[in-house]
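Just below is one structure, and these are the notes that go with it.
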Ligand SMILES: [Cu+2]
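Residue numbers (the numbering used here), protein chains in the order written: chain U, 2 to 128; chain X, 90 to 623.
If you want it as structure tokens, here you go:
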């Protein structure tokens with residue numbers, strides 16, 4: 002998008018095309034609100050199995066029922082993880098069982114109470 | 090599919106902006122009908138138009154909410170195993186459905202002319218407000234939910250009473266039977282708007298305190314910059330509003346021309362008001378500043394390094410020094426997935442050079458437009474011609490990997506969306522330059538042609554205020570810091586050109602006539618100082 006800006010900016014004229022253009026083509030980063038503040042296991046950390054407690058802390062209240070956690074295991078298999086409870090607002094807890102040695106990715110999608118959806122992943126190693 | 094999903098996010102911002110605007114229009118219409126038109130004994134024609142406006146706003150809100158809920162639902166379902174039934178149990182679905190129901194209720198009430206139906210509009214509007222607030226930022230906060238929800242509701246109410254009701258006043262003033270009726274309506278509206286503005290500002294200050302946390306957040310975070318933009322727009326509206334306030338006082342002595350002026354100024358105010366609502370919508374897509382960690386904030390030093398004045402770059406790196414272009418097929422495929430953010434220092438220097446030339450052209454255009462006010466300098470009125478040069482420049486330099494500078498052929502390269510954008514942009518600039526030249530030379534006298542320039546300014550500003558780019562937070566923020574003032578100057582230029590065209594001969598029109606070339610020149614100066622290299 003870098004070279005792009007200078008046409009956008011100098012003349013508002015272009016911006017109309019860009020309005021359609023952006024709506025159609027431009028990549029965007031979601032900067033909405035339920036942002037992962039901290040996680041356990043931490044991103045790129047190494048933990049010991051076979052049982053791992055998951056604790057995800059978000060910056061805003063989260064709709065528990067409509068948030069999902071999935072685990073990508075070392076074989077590339079994707080599995081759904083049940084969210085257990087919300088010990089305090091914006092905090093999700095879950096339990097991973099039967100983990101073997103290897104690299105995992107925990108993917109999350111949460112729905113904040115204000116209707117914004119955010120996604121992310123926490124990669125970690127099991128030793 | 091990936092391609093499609095990526096854009097739903099921007100779509101939801103635009104839809105949120107639309108629903109916010111329609112909500113303000115709907116509630117503003119109800120407020121205007123109940124607090125202004127009816128108590129001021131407005132004529133039947135005026136009352137009919139108010140009711141029609143309310144019905145249209147209600148339908149628009151229904152359409153907007155349906156689209157917003159569908160988009161959010163699609164976003165939620167994609168990439169997870171949530172089903173449609175799950176979506177219907179979410180908060181946003183429920184709130185959206187209730188909003189739709191209440192809007193339909195208001196539509197029915199506006200159709201029925203009975204006094205019960207008219208009175209029922211008040212509770213319905215308040216319920217609508219509750220539905221909207223129930224999915225605002227406030228409810229998702231971990232602390233202080235209730236005070237923040239109250240402040241949010243007050244902010245919406247104030248917006249409705251001031252900005253949302255203004256179009257109804259504008260309609261009314263075009264339909265009044267006599268000047269006395271116009272005076273009664275304007276006076277009542279002014280009082281309501283003043284109250285609305287006071288509510289809006291105090292609630293806004295309260296929320297800013299909560300969401301920004303510190304003063305420095307105003308310039309170190311994206312949401313802070315948006316808040317500053319909103320403040321600017323509101324101040325501009327307040328200036329125009331104050332002018333109108335003074336006009337109303339004199340309405341008794343010299344009614345006819347003043348009434349026309351009142352309407353023209355209201356037009357500019359409405360435009361500013363709805364841009365402020367748009368800014369508010371893009372504010373809700375940002376994380377509030379209090380949640381932004383120190384590492385994602387700019388420091389004063391970083392801002393200084395990027396923003397301090399420096400001589401513009403008027404020499405370009407050689408074409409050979411740029412990263413060699415890849416194949417066209419790869420570029421087309423790339424553009425459909427992740428953005429390819431690889432720009433080295435040479436690329437940045439190339440881009441800076443482009444910006445600086447563009448800035449110079451805009452600066453010259455602004456200065457020429459200013460000069461053309463003088464009788465001896467009539468030739469300068471062909472200032473839009475300089476934009477044609479800009480178009481040629483874009484065609485040549487925006488995409489150096491393509492014809493004529495690069496190896497990729499001209500026609501095939503249209504397949505890359507970014508290049509298509511650039512070329513369409515260049516084409517639009519040429520069309521615009523031709524138009525505005527004809528207008529300035531007095532060859533083209535039709536109304537709509539003269540409005541092309543102000544309309545483009547406003548639309549362009551609207552786009553600049555909503556779009557954001559770059560995957561790195563800090564880079565995006567630095568880009569926004571130069572985009573936002575340009576957008577605000579663009580609005581100012583558009584509104585003042587509009588006023589110059591629409592106002593009858595007056596001191597205000599003269600001031601407006603000097604203001605827009607100045608804004609244009611300032612845009613040029615900002616571009617001349619645009620930098621990507623540290
Ligand atoms: Cu841009």
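The beta carbon of each residue, even a glycine, is placed where N, CA and C say it ideally should be.
* Asked: Of all Cβ atoms in chain U, is any one closer than 8 Å to the Cβ of residue 376/X?
  -> It does; some Cβ of chain U falls within 8 Å.
(request) Consult DSSP for residue 486/X and reduce its assignment to one of helix, strand or coil. (result) Correct three-state label for residue 486/X: helix.
Here's a check: name, in chain order, each residue in its chain whose Cβ is nearer than 6 Å to the Cβ of residue 40/U, leaving out the five neighbours to either side. Correct list, in chain order: 57, 123.
Just to confirm before moving on: does the CB-CB distance between residue 146/X and residue 181/X stay below 8 Å? If you check the CB distance, residue 146/X and residue 181/X do not come in under 8 Å.
Exercise. Would residue 64/U pass as a contact of residue 114/U if the rule is Cβ separation under 8 Å?
Worked result: Less than 8 Å divides the Cβ of residue 64/U from the Cβ of residue 114/U.
With DSSP collapsed to three states, give me the class of residue 599/X. DSSP places residue 599/X in helix when its eight states are reduced to three.
Subject >> residue 481/X, buried or exposed, once every other Cβ within 10 Å from all chains shown has been counted against 16 >> reply: Answer is exposed; the Cβ neighbour count stays below 16.
Please look up how many angstroms separate the CB atoms of residue 307/X and residue 294/X, rounded, as I've assumed it's under 8 Å. At roughly 13 Å, the Cβ-Cβ gap does not stay under 8 Å, so residue 307/X and residue 294/X are not in contact.
Exercise. Along chain U, which residues have their Cβ under 7 Å away from the Cβ of residue 245/X?
Worked result: By Cβ distance, chain U contributes nothing, its closest Cβ being about 14 Å from residue 245/X, past 7 Å.
- Item | Helix, strand or coil at residue 44/U [DSSP, three-state] | If DSSP states are grouped into helix, strand and coil, residue 44/U belongs with coil.
How would you list, in chain order, the residues of chain X whose beta-carbon sits under 7 Å from the beta-carbon of residue 112/U?
Residues of chain X passing the Cβ test: 165, 179.
* Asked: Taking the beta strand (DSSP E) that residue 57/U falls in, what are its first and last residues?
  -> Taken as a continuous stretch (DSSP letters only), the beta strand (DSSP E) holding residue 57/U covers 53-59.
Consult DSSP for residue 118/U and reduce its assignment to one of helix, strand or coil.
Here residue 118/U sits in strand by DSSP.
Counting only the same chain and skipping the five closest in sequence on each side, list residues whose C-beta sits under 7 Å from that of residue 617/X. The beta carbon of residue 617/X sits closer than 7 Å to those of 401, 445, 448, 449, 452, all from its chain and outside the five residues before and after it, given in chain order.
inquiry  = Does the beta-carbon of residue 603/X, which I'm using as the reference point, lie nearer than 7 Å to any heavy atom of ligand 2?
reply    = Inclusion of ligand 2 in the displayed structure is not the case, the ligand content consisting of ligand 1 alone.
Comparing the C-beta of residue 69/U with each C-beta of chain X, is any distance below 8 Å?
Answer yes: the Cβ-Cβ gap between residue 69/U and chain X drops below 8 Å somewhere.
Output, in chain order, the set of chain X residues within a Cβ distance shorter than 9 Å of residue 66/U.
Chain X residues near residue 66/U: 175, 178, 179.
I want to verify the contact list: residues of chain X whose CB lies under 9 Å from the CB of residue 124/U, in sequence order.
Residues of chain X passing the Cβ test: none, with the nearest at roughly 17 Å.
Taking only beta-carbon atoms, is residue 118/U less than 8 Å away from chain X?
Closer than 8 Å to the CB of residue 118/U there is at least one CB belonging to chain X.
Practice item. Closer than 8 Å by beta-carbon distance: list the chain U residues that pair up with residue 230/X, in chain order. Key: Those are 61, 62, listed as they occur along chain U.
Q. Mind checking if residue 36/U is an interface residue toward chain X, Cβ cutoff 8 Å exclusive?
A. So, interface residue.
Opposite residue 260/X in the DSSP bridges: which residues? Beta-bridge pairing links residue 260/X to no other residue.
Is the beta carbon of residue 110/U sitting closer than 8 Å to the one on residue 169/X? Annotated as proximal: residue 110/U and residue 169/X, with beta-carbon spacing under 8 Å.
Bridge partner(s) assigned by DSSP for residue 108/U: Beta-bridge annotation (DSSP): residue 108/U is paired with 71/U, 122/U.
Item to check | residue 202/X (DSSP reduced to helix, strand or coil) | outcome: Coil at residue 202/X, not helix or strand.
| said: Any beta carbon of chain X sitting closer than 8 Å to that of residue 81/U? | reply: So, interface residue.
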